[in-house]
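Chains as they are written, first to last, in the numbering used here: chain A, 177 to 498; chain B, 177 to 498; chain C, 177 to 498; chain D, 177 to 498. Just so you know, even glycine gets a beta-carbon here, dropped at the ideal spot from N, CA and C. Keep in mind that this is a model prediction, so the values were computed, not measured. Worksheet: the structure to be examined is printed underneath.
There are 4 protein chains.
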Amino acid sequence: MKKMAVLTSGGDAPGMNACVRAAVRTALARDGEMVGVRRGYAGLLERDFTVLDRRAVANIIHHGGTILGTSRSEEFKTVEGRKKAAEVLRRENIEGLIVIGGDGSFRGGTLLAVEGGLKVVGIPGTIDNDVYGTDSTIGFDTAVNCALDAIDRVRDTALSHDRVFFVEVMGRHTGYIAMESGIAGGVEELLTPESPMTVETLCSHLEHAFNRGKRSAIVVVAEKEEPGVTFEIAEEVHRVLGLETRVCILGHIQRGGSPTARDRVLASKLGAAAVKALWEGKEGYMVGEMKGKVVHVPLKDTWEKFKGMDPELEELASLLCQ
Amino acid sequence: MKKMAVLTSGGDAPGMNACVRAAVRTALARDGEMVGVRRGYAGLLERDFTVLDRRAVANIIHHGGTILGTSRSEEFKTVEGRKKAAEVLRRENIEGLIVIGGDGSFRGGTLLAVEGGLKVVGIPGTIDNDVYGTDSTIGFDTAVNCALDAIDRVRDTALSHDRVFFVEVMGRHTGYIAMESGIAGGVEELLTPESPMTVETLCSHLEHAFNRGKRSAIVVVAEKEEPGVTFEIAEEVHRVLGLETRVCILGHIQRGGSPTARDRVLASKLGAAAVKALWEGKEGYMVGEMKGKVVHVPLKDTWEKFKGMDPELEELASLLCQ
Amino acid sequence: MKKMAVLTSGGDAPGMNACVRAAVRTALARDGEMVGVRRGYAGLLERDFTVLDRRAVANIIHHGGTILGTSRSEEFKTVEGRKKAAEVLRRENIEGLIVIGGDGSFRGGTLLAVEGGLKVVGIPGTIDNDVYGTDSTIGFDTAVNCALDAIDRVRDTALSHDRVFFVEVMGRHTGYIAMESGIAGGVEELLTPESPMTVETLCSHLEHAFNRGKRSAIVVVAEKEEPGVTFEIAEEVHRVLGLETRVCILGHIQRGGSPTARDRVLASKLGAAAVKALWEGKEGYMVGEMKGKVVHVPLKDTWEKFKGMDPELEELASLLCQ
Amino acid sequence: MKKMAVLTSGGDAPGMNACVRAAVRTALARDGEMVGVRRGYAGLLERDFTVLDRRAVANIIHHGGTILGTSRSEEFKTVEGRKKAAEVLRRENIEGLIVIGGDGSFRGGTLLAVEGGLKVVGIPGTIDNDVYGTDSTIGFDTAVNCALDAIDRVRDTALSHDRVFFVEVMGRHTGYIAMESGIAGGVEELLTPESPMTVETLCSHLEHAFNRGKRSAIVVVAEKEEPGVTFEIAEEVHRVLGLETRVCILGHIQRGGSPTARDRVLASKLGAAAVKALWEGKEGYMVGEMKGKVVHVPLKDTWEKFKGMDPELEELASLLCQ
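If you want it as structure tokens, here you go:
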């Protein structure tokens with residue numbers, strides 16, 4: 177395969193640039209050609225292309241965000257849209273497409289492959305770590321460390337009396353960011369989609385802890401559907417227990433920042449692996465990393481199957497977060 | 177003066193520990209004695225003291241928070257309370273008291289000095305930089321850099337289309353954190369208590385910017401009385417302009433973290449200066465830094481007079497933040 | 177097992193405190209007792225003990241270094257020394273000992289177990305990641321990110337013409353820090369113990385790169401036996417190629433700093449696992465993490481067997497670092 | 177003045193990009209035109225120009241280094257070279273030139289102005305803070321915080337016995353980086369060009385401190401002429417006192433990294449002030465900041481006069497660094 181394209185799709189994640197760089201340099205190492213598609217599937221439909229040579233990917237490995245941009249496309253969600261996309265690629269003699277994104281992006285990629293007869297390979301890039309088929313997604317480690325930094329800062333000031341601090345982190349369907357940053361931050365309580373807790377239960381836990389001698393507590397909350405919901409929880413805790421509460425909403429801060437070493441190494445590994453997969457004629461797969469090794473997972477599985485929470489982490493949290 | 181005491185009061189601020197360390201080491205250098213008062217004025221009333229020797233202040237210069245703790249005291253707000261406090265200090269042969277805190281703490285300190293005949297010296301320690309008589313307060317530079325880091329992270333992800341990102345920072349009465357982090361972050365709009373803006377005006381600014389070609393904007397908001405108010409502003413902007421909005425509430429994250437070099441140098445300078453002021457018989461003063469030099473400001477002025485916004489910064493913001 | 181002890185040994189590593197905390201909290205959860213041994217094996221011989229309750233391990237999870245301290249002990253290297261150590265532990269009714277350290281510490285621990293009939297469990301804590309039986313050691317991820325930050329900073333300034341920047345990182349026997357920080361940093365050349373390179377070869381690589389159009393290059397060097405050796409390499413490169421060179425020696429900077437999320441989660445996991453291993457009567461093992469799961473490896477293997485470089489990383493480096 | 181040019185010269189410094197951005201946006205606000213000169217005076221001679229519009233300076237405020245590049249030029253050191261440079265500018269109808277750099281760059285700028293009849297305004301941009309006429313140079317605060325981070329990390333590991341850690345920082349002629357990072361880091365000893373110390377004196381200080389109970393010490397050394405000289409000092413300390421020593425050489429790490437808030441605000445202020453100075457017909461000046469206010473200093477003074485060490489800092493260091 178001589179000519180391939182790469183795009184980033186969905187919410188951006190730190191490490192996407194490192195991934196694009198690795199894909200480009202791997203392709204060039206065997207005299208391949210890599211076309212960058214700007215603004216995800218929307219840009220694909222509009223033929224918003226850019227040639228990615230060595231120079232184009234120089235000095236981007238450490239930058240957050242994505243040089244290619246992302247956006248949503250309603251058109252691509254239709255059969256006609258995907259047909260048009262396949263047509264655009266074929267006219268440019270692009271034989272393979274690398275999609276860096278999350279489960280929604282892979283759903284589109286799967287349909288593009290099936291309907292358009294294109295070779296599509298996915299790379300998991302999303303801070304939420306909610307993609308089946310890989311132990312970690314690109315951007316997750318950076319987001320966790322960002323949330324952890326916030327928790328550490330709150331801890332500095334948490335020695336005042338009788339206060340409950342809430343830190344709201346991202347995680348619509350999965351609580352991985354909350355779980356890892358909470359364990360690493362040594363917080364008292366964790367509210368995740370996998371282990372939902374009523375405000376009553378939370379209050380009774382906190383009451384128990386304060387009775388035991390705690391003077392302050394940090395609660396990490398995964399945002400679920402509605403950012404800002406933590407203000408309501410905090411108010412209820414204040415009403416019930418009479419404790420002062422303070423709320424931080426991290427929001428998009430977690431999406432940014434220079435990627436960690438781990439995210440850059442993972443991104444480099446998977447960027448190279450995706451190009452190799454296309455060379456080897458593999459198609460309709462996502463390249464992921466499981467148990468320390470690169471794996472190839474049917475693209476369909478990544479959005480049809482559900483990635484549950486790691487039970488080792490859950491056990492650890494129940495032992496150490498209280 | 178042989179025996180002095182030091183306490184931290186009000187909201188804690190990064191650099192308070194560096195300040196306590198400098199005060200202790202300066203006192204010890206002339207064979208003085210420094211007593212640490214735990215939990216601010218409340219601890220003073222309860223004689224919650226600890227001896228501060230070299231060992232007690234070793235390895236604290238880089239830690240956020242305050243090893244002495246802070247708290248509020250309703251009792252100290254009464255004449256009787258302050259009399260009791262003066263009594264406690266006299267019984268311990270403590271001749272001078274150093275109060276590290278903000279304007280509220282200095283108000284109490286002034287009354288304690290006047291009513292109790294005690295030598296009190298204040299040091300401005302608060303992230304808000306809202307104390308008259310000093311160009312910068314201890315903790316301010318750290319808080320600004322914390323807010324700036326958040327803005328930088330949001331910028332990474334802000335290249336998506338048609339989005340307005342809001343970052344809510346602290347600043348009840350003054351917008352210094354918003355102002356400096358906003359200029360340094362290169363944001364589009366600044367909402368501060370000094371330059372309030374209706375949501376209508378904000379919308380019209382944003383509309384103008386997006387019409388001019390902007391695809392995203394970052395707005396920094398000083399929280400004023402009510403943390404979380406930014407969610408309402410964001411909703412209104414969404415309603416009026418139809419732009420997607422995202423909100424981050426930094427909250428107590430800004431209070432924590434290892435102090436910057438500038439905050440530690442300032443804290444060290446003022447900690448040493450406060451002890452020297454007591455030695456020299458100065459009392460009822462706050463030691464601050466203006467135009468690069470240590471100054472002595474009547475403690476009363478610090479809470480009676482109002483510190484306005486630096487006009488050079490305002491001009492710079494009006495030139496560069498758009 | 178009711179009473180256990182824990183010590184940290186060898187070079188300290190970020191995450192050791194998080195590990196001690198997890199071990200203590202796990203032991204307390206089942207009404208066990210955990211004694212802290214200060215200053216490693218030397219402190220053990222001198223009965224330098226401290227009781228570790230919940231309070232003792234509060235607010236340490238985010239601190240670098242080790243609250244228990246480490247040191248070397250010549251006496252413990254003798255049979256008599258280890259007999260005495262076993263005697264000290266027995267007299268205190270301490271049935272199990274947790275040793276957090278590297279291969280040298282585990283060698284001593286193995287002998288203590290065999291000769292003294294004590295239950296010893298090891299936990300890999302060293303920044304070098306050179307311990308057989310675990311994919312990663314506690315402290316490694318933090319050290320890599322520290323080295324990476326240095327590389328990123330150098331990159332900012334590396335656009336000047338005709339310069340070669342050298343960053344010397346730790347790694348006596350293994351080049352893991354160099355390898356991961358080099359891949360993540362996108363450096364041009366890597367000098368590791370596993371893939372040694374003559375200065376002639378390095379010069380020829382650099383010459384080739386500069387002829388191809390490079391205007392600067394970053395070379396990461398694992399320090400091997402002698403810190404500072406990089407100055408000699410840089411001088412030789414300057415002599416041969418006429419390029420200006422600049423050298424950074426990271427040294428002990430890499431040992432410090434707040435541990436990353438990954439190091440804290442790993443430390444928490446292994447701290448808990450070590451206590452459980454002792455409960456279950458396992459002895460003479462190191463608890464490590466391989467392929468994402470906690471494993472038990474004979475303590476003897478950890479220092480008798482050699483942990484080679486990950487071939488996936490080597491391949492990635494040969495593809496991307498040039 | 178309608179058309180101006182800006183260049184960065186000498187060693188690059190964090191904040192130079194923020195400064196270029198502010199100059200461009202200020203010029204554009206009054207419908208001026210700003211030309212960027214690539215690679216300093218060398219690029220000027222070769223007419224290596226680029227148009228700087230709003231887009232060109234978007235998203236650079238937070239990046240270290242300089243988008244314009246720097247380099248040395250032997251030709252510009254000659255009268256002929258400078259004549260040619262003036263000619264190049266005149267032919268482009270560029271009436272004013274902004275030079276961001278240090279004293280060496282201002283020397284060249286002064287001569288260009290005098291000989292070529294050009295309007296030249298300087299902006300102090302160098303991490304060393306060794307420019308007369310400004311309290312702080314752009315990049316200094318970032319460099320100090322970088323050095324401080326290294327000291328903090330070393331401190332984490334410095335609790336081992338009987339060790340002396342050396343951290344070598346930049347500072348050829350002035351010890352400002354050493355001084356501020358040393359005070360902020362709470363180090364034991366400071367070796368600066370302004371207060372040189374023989375190794376014998378250093379050893380006697382250290383001996384005294386260790387006799388008094390210290391178990392470790394951190395020494396900050398300003399590199400002076402020869403990077404790496406600290407290895408020799410460390411060896412001598414080891415030889416004389418028998419203490420183990422460890423050395424870190426920060427080197428160009430200090431030049432990189434995202435600029436701090438303070439550096440960005442200063443850079444923005446001075447970038448705007450330089451354009452205004454040209455508008456107002458001021459020429460042959462450097463814009464600096466003294467006592468919190470923008471000042472105009474004759475360009476000639478900046479390299480003819482010597483900026484001594486701040487005596488308040490020296491006193492503070494002698495009080496607190498021991």
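| request: Examine chain B for any beta-carbon lying closer than 9 Å to the beta-carbon of A/Pro300, and answer yes or no. | output: As a working note, residue 300 of chain A is residue 124 in the first sequence. Output row for A/Pro300: interface = no.
| So B/Leu367 is in the beta strand (DSSP E); what residue range does that whole segment cover? | Here the question's residue 367 of chain B lines up with position 191 in the second sequence. Its beta strand (DSSP E) spans residues 365–367.
| What does DSSP give as the partner residues of A/Met466 in its beta bridges? | Within the first sequence, residue 466 of chain A is the residue found at index 290, counting from 1. Paired residues: A/Lys469.
| Quick one: Cα of D/Lys452 to Cα of D/Val297, how far? | Locating residue 452 of chain D in the fourth sequence gives position 276, where the first residue counts as 1. Locating residue 297 of chain D in the fourth sequence gives position 121, where the first residue counts as 1. Approximately 10 Å between the Cα atoms of the pair.
| query | For the segment 222–240 of chain D, which residues have a beta carbon sitting closer than 8 Å to at least one beta carbon of chain B? | reply | Asn235, Ile237, His238
| query | Between the segment 206–222 of chain D and the segment 262–278 of chain D, are three or more C-beta pairs nearer than 8 Å? | reply | yes
| request: Kindly identify the DSSP beta-bridge partner or partners of D/Gly212. | output: On the fourth sequence, residue 212 of chain D is found 36 positions in, with the first residue counted as 1. Looking at the DSSP assignment, D/Gly212 forms a beta bridge with D/Val182, D/Thr226.
| said: Do D/Ser371 and D/Met485 count as a contact pair if the criterion is CB distance below 9 Å? | reply: Residue numbering aside, residue 485 of chain D sits at position 309 when the fourth sequence is read from its first letter. Residue numbering aside, residue 371 of chain D sits at position 195 when the fourth sequence is read from its first letter. For D/Met485 and D/Ser371, yes; Cβs fall inside 9 Å.
| said: Strictly below 9 Å CB to CB, what residues from chain B border D/Gly362? | reply: Here residue 362 of chain D corresponds to residue number 186 of the fourth sequence, with the count starting at 1. Per Cβ cutoff of 9 Å: Ala194, Arg197, Ala234, Asn235, Ile236, Ile237, His238, Arg440, Ser444.
| message | I need the straight-line Cα distance from A/Asn193 to B/Arg440, nearest angstrom please. | response | In the first sequence, residue 193 of chain A corresponds to position 17, counting from 1. In the second sequence, residue 440 of chain B corresponds to position 264, counting from 1. About 36 Å.
| Residue-level contact to chain A via CB, B/Gly418, 9 Å cutoff | Along the second sequence, read from residue 1 onward, the residue named residue 418 of chain B stands at position 242. It does not; no Cβ of chain A falls within 9 Å.
| query | Thinking C-beta only, is B/Ala261 closer than 9 Å to B/Leu221? | reply | Your numbering for residue 221 of chain B matches position 45 in the second sequence. Your numbering for residue 261 of chain B matches position 85 in the second sequence. The answer is yes: Cβ separation under 9 Å.
| said: Against chain A, which members of the segment 196–217 of chain C pass a CB distance test of less than 9 Å? | reply: Arg197, Ala198, Arg201, Thr202, Ala205
| In angstroms, rounded to a whole number, what distance separates the CA positions of D/Glu364 and B/Asp325? | Position 188 of the fourth sequence, counting from 1, holds the residue named residue 364 of chain D. Position 149 of the second sequence, counting from 1, holds the residue named residue 325 of chain B. Cα to Cα, D/Glu364 sits roughly 31 Å from B/Asp325.
| request: Work out the CA separation of B/Ile327 and A/Ser434 for me, nearest whole Å. | output: Translated into the one-based positions of the first sequence, residue 434 of chain A becomes position 258. Translated into the one-based positions of the second sequence, residue 327 of chain B becomes position 151. Approximately 13 Å between the Cα atoms of the pair.
| query | Can you name, in chain order, every residue of its own chain whose Cβ lies under 7 Å from the Cβ of C/Lys400, other than the five neighbours on each side? | reply | Taking the first residue of the third sequence as 1, we reach residue 400 of chain C at position 224. Arg348, Pro369, listed in sequence order.
| field | Proximal residues to B/Val375 (C-beta, below 8 Å), its chain only, five neighbours per side dropped | value | Mapped onto the second sequence, residue 375 of chain B falls at position 199. Same-chain partners within the cutoff: Ile409, Glu412, Val413, Val416.
| request: On the DSSP bridge assignment, give the partners of C/Tyr461 in chain order. | output: One-based indexing of the third sequence puts residue 461 of chain C at position 285. Per DSSP, C/Val297, C/Pro474.
| query | What number of angstroms, rounded off, separates the C-alpha of B/Ala398 from the C-alpha of A/Arg197? | reply | Along the second sequence, read from residue 1 onward, the residue named residue 398 of chain B stands at position 222. Along the first sequence, read from residue 1 onward, the residue named residue 197 of chain A stands at position 21. So the two alpha carbons sit approximately 39 Å from each other.
| Mind listing which residues of the segment 465–480 of chain D have their C-beta closer than 9 Å to chain B's C-betas, in chain order? | Met466, Lys467, Gly468, Lys469, Val470
| said: Suppose the cutoff is 7 Å on Cβ atoms and the five residues either side in sequence are ignored; what does the same chain contact list for D/Val227 look like? | reply: Within the fourth sequence, residue 227 of chain D is the residue found at index 51, counting from 1. Within the same chain, D/Val227 has close Cβ partners Val211.
| message | Please confirm whether A/Asp332 has its beta-carbon closer than 9 Å to some beta-carbon of chain B. | response | By one-based count along the first sequence, residue 332 of chain A stands at place 156. Closer than 9 Å to some Cβ of chain B, the Cβ of A/Asp332 qualifies, so yes.
| query | Between the C-alpha atoms of D/Phe341 and B/Val200, what's the straight-line distance to the nearest angstrom? | reply | Stepping through the fourth sequence from its first residue, residue 341 of chain D is reached at position 165. Stepping through the second sequence from its first residue, residue 200 of chain B is reached at position 24. Answer to the nearest angstrom: the Cα atoms are 25 Å apart.
| task | Would you mind giving the Cβ-Cβ distance between D/Thr184 and D/Tyr308, rounded to the nearest angstrom? I have them listed as a contact below 8 Å. | result | In the fourth sequence, counting from the first residue as 1, residue 184 of chain D sits at position 8. In the fourth sequence, counting from the first residue as 1, residue 308 of chain D sits at position 132. Contact doesn't hold; Cβ gap of about 20 Å is too wide.
| task | Alpha carbon to alpha carbon, how far is A/Ala360 from C/Ala437? Give it in angstroms, no decimals. | result | By 1-based counting over the third sequence, the position of residue 437 of chain C is 261. By 1-based counting over the first sequence, the position of residue 360 of chain A is 184. Their Cα atoms are separated by approximately 5 Å.
| task | Mind listing the chain D neighbours of C/Cys379? Cutoff is C-beta to C-beta under 9 Å, in chain order. | result | Start at 1 with the first residue of the third sequence, and residue 379 of chain C comes out as number 203. Residues of chain D passing the Cβ test: none, with the nearest at roughly 21 Å.
| Any beta-carbon of chain A closer than 9 Å to the one on B/Cys497? | By 1-based counting over the second sequence, the position of residue 497 of chain B is 321. So no, B/Cys497 is outside the interface.
| Just the Cα atoms here: how many angstroms apart are B/Lys259 and B/Gly277? | Position 83 of the second sequence, counting from 1, holds the residue named residue 259 of chain B. Position 101 of the second sequence, counting from 1, holds the residue named residue 277 of chain B. Computed Cα separation, rounded: 20 Å.
| contact_flag[the segment 455–475 of chain A, the segment 299–315 of chain A] where n(CB pairs < 8 Å) is 3 or more | yes
| query | What are the start and end residues of the beta strand (DSSP E) that includes A/Ala398? | reply | The residue given as residue 398 of chain A occupies position 222 in the first sequence. From DSSP, the beta strand (DSSP E) with A/Ala398 extends over 392–398.
| query | To which residues does DSSP link D/Phe407 through a beta bridge? | reply | For the purposes of this step, residue 407 of chain D is taken as the residue at position 231 of the fourth sequence. According to DSSP, D/Phe407 bridges with nothing at all.
| Contact check, D/Ile303 vs C/Val330 under 8 Å by CB: the rounded distance? | Taking the fourth sequence and counting its residues from 1, the one referred to as residue 303 of chain D is at position 127. Taking the third sequence and counting its residues from 1, the one referred to as residue 330 of chain C is at position 154. No, D/Ile303 and C/Val330 are not in contact; Cβ-Cβ is about 14 Å, not under 8 Å.
| field | Nearest-angstrom Cα separation, counted from D/Ala205 out to D/Thr286 | value | Along the fourth sequence, one-based indexing puts residue 286 of chain D at 110. Along the fourth sequence, one-based indexing puts residue 205 of chain D at 29. Rounded to the nearest angstrom, the two C-alpha atoms are 28 Å apart.
| field | Rounded C-alpha distance that separates B/Trp455 from B/Ala448 | value | One-based indexing of the second sequence puts residue 455 of chain B at position 279. One-based indexing of the second sequence puts residue 448 of chain B at position 272. One C-alpha to the other measures close to 11 Å.
| The beta strand (DSSP E) with B/Val320 in it runs from where to where? | Here residue 320 of chain B refers to the residue found at position 144 when the second sequence is read from its first residue. Here B/Val320 belongs to no beta strand (DSSP E); instead the alpha helix (DSSP H) covers 316–333.
| query | By Cβ distance, which residues of its chain are closer than 8 Å to A/Phe386, with the 5 residues on each side in sequence left out? | reply | Position 210 of the first sequence, counted from the start, is the residue given in the question as residue 386 of chain A. Closer than 8 Å at the Cβ level, and outside the excluded window around A/Phe386, lie Asp338, Ala393, Leu417, Leu419.
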